[in-house]
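Participant:
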Amino acid sequence: MNIGLMGFGVVGRGVYEIVSKREDMRITKVLCLEDISLPDAQAVKDYRQIVEDETIDTVVEAMGGLHPAYEFVRAALEAGKHVVTSNKALVCGFYDELLSLAREKGLRLRSTAAVGGGIGWLSELERSRRVQELTEVGGIMNGTCNYILDSMTRLGLDYGQALKQAQEKGYAEANPSTDVDGIDTWHKLILSMNVAFGVRVDKQTVPVSGIRNITAQDVAAFKAHGRVCKLISTGRRTEGGFTGYVQPTLVEAGSPEAAVPLNYNLITFLGRFSERMSFYGQGAGRYPTAYNVVQDLVDVLSGKGFYAPYGPAVQADNGQTLCYYVRGSWTGETTQDWGCGVITGPVAVGDMHAWLADHPDAFAAGLR
Ligand code: HSE
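Under our numbering, the first residue of the sequence shown carries the number 89, and numbering increases by one thereafter.
Below is the structure:
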């Protein structure tokens, strides 16, 4: 396998190092805008030097972001190259288009590192759905948010201090609002739902709220009531279809989710036979993420394509009701007062997210 590697940042360098120790594949060209010199690969600055190179059969995209990653990956598929990417924004944003193109061209497209970093999550969903119907997917999918919430809960840091540390440790996306506003988790949930349920979820029907407004006072109130706040994604089959949403969630202090430290992820699926299966590990970072990119390369070598068939388009229904902790000018029914915030009566998930959109300074967390 001759590989063209696009991107030589945190993940790209990790992929380069792991691949260079293998006999079954080699990276022959690396796209990097900086001047680099590599012992066994040519550094190039123009993506066409990879896409138009007939000796390259597989492209690894490790640049991140939507553009120009989309244009480069599309060009690689059009040129007949298999693609492995760690880019969740890309695969989620252009799911239909990239999958159709890969199918049409008979090419393999894989993106295991896009959800859960080093956890073999999408590849395990692929295996699981061969044997059973999956009914639920979700959990803690963003290392940066978990690091922030864990630091606030265990160490008593305030939000700004905790975010700064997560950025210094290199967990956060280039634009950390992608993490703290839940967008990164939203991409990962939609991709997981598509693979697990064999559908194409309409992204606009999956609401998302993040953690940017959480305060040290909120966290102290949660502690006093035996709860821990985590950013949790939920995707579930319902009687008539599907529900999907991302939101801060107050889990019981003794639950597995509450115990997840630092930047770790804990992702779970529920299946008819397996019941609950949880996967815990490094959701970000150079070598864990690169590890899953290389796993995908081995799968491409053995002929594996995308994880699930190209399924029907579906919309998520968010009529399910939950009680929420709310800090802000909530005028609906309340059942308890936690000092700086209140506990609401049951509210439809979609309605709470609509209320939050109208109250940008408020903070709400669903009770689980
Ligand atoms: N910013 C992401 C996270 C990186 O914190 O989980 C891995 O997707």
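Every residue gets a Cβ at the ideal spot worked out from N, C-alpha and C, and that includes glycine.
Among S216, V132 and I299, whose alpha-carbon lies nearest the alpha-carbon of L251?
Facilitator: I299
Participant: Within its chain, find whatever has a CB closer than 6 Å to the CB of M240; leave out the 5 residues flanking it on each side and keep chain order.
Facilitator: The answer, listed in chain order, is A250 and V307.
Participant: Quick one: is the Cβ of T273 within less than 6 Å of any heavy atom of the ligand HSE?
Facilitator: no
Participant: Enumerate in chain order the residues of its own chain whose CB-to-CB distance from F330 is below 6 Å, with the five nearest sequence positions on each side excluded.
Facilitator: The answer, listed in chain order, is V402 and A404.
Participant: The alpha helix (DSSP H) that contains Y398, what's its start and end?
Facilitator: No alpha helix (DSSP H) holds Y398; DSSP gives it neither H nor E.
Participant: Restricting to Cα atoms, I'd like to know which of N351, A453, A304 and E421 is closest to E256.
Facilitator: N351
Participant: Nearest CA to the CA of L338: which residue from D238, E159 and R114?
Facilitator: D238
Participant: Closer than 6 Å between the C-beta and any heavy atom of the ligand HSE: which residues qualify, listed along the chain?
Facilitator: G205, N230, G231, T232, Y259, A260, E261, D267, D272, G371 and A372
Participant: Rounded to a whole number of angstroms, what is the C-alpha to C-alpha distance between G227 and S108?
Facilitator: If you take the alpha carbons of G227 and S108, they lie about 34 Å apart.
Participant: Buried or exposed, going by whether 16 or more other CB atoms sit within 10 Å of the CB of L479?
Facilitator: No information on residue 479 is available, as it lies outside the stretch 89 to 456 that the chain covers here.
Participant: Closest to I144 by C-alpha separation, out of F361, L119, M89 and A163, would be which residue?
Facilitator: M89
Participant: Can you list, in chain order, the residues of its chain whose CB lies under 8 Å from that of L444, leaving out five sequence neighbours each side?
Facilitator: S297, A450 and A452
Participant: Suppose you measure from the CA of R136 to the CA of G454; what does that come to, to the nearest Å?
Facilitator: 48 Å
Participant: Given a cut-off of 7 Å, decide if V148 and V203 are closer than it, judged by their beta-carbon atoms.
Facilitator: no
Participant: So, helix, strand or coil for G323, using DSSP?
Facilitator: strand
Participant: Could you tell me whether the Cβ atoms of G429 and Y412 are closer together than 7 Å?
Facilitator: no
Participant: What is the DSSP secondary structure of N121, reduced to helix, strand or coil?
Facilitator: Before going on, a small fix: residue 121 reads as Leu here, not Asn. It is coil, neither helix nor strand.
Participant: Which residue marks the beginning of the beta strand (DSSP E) containing L126, and which one marks its end?
Facilitator: Careful: L126 lies outside any beta strand (DSSP E) and carries neither H nor E.
Participant: Who are H170's beta bridge partners in DSSP?
Facilitator: T146
Participant: Since G97 and A177 are thought to touch, with beta carbons under 8 Å apart, how far apart are those beta carbons, to the nearest angstrom?
Facilitator: Beta-carbon to beta-carbon, G97 and A177 are separated by about 15 Å, too far to satisfy the 8 Å threshold.
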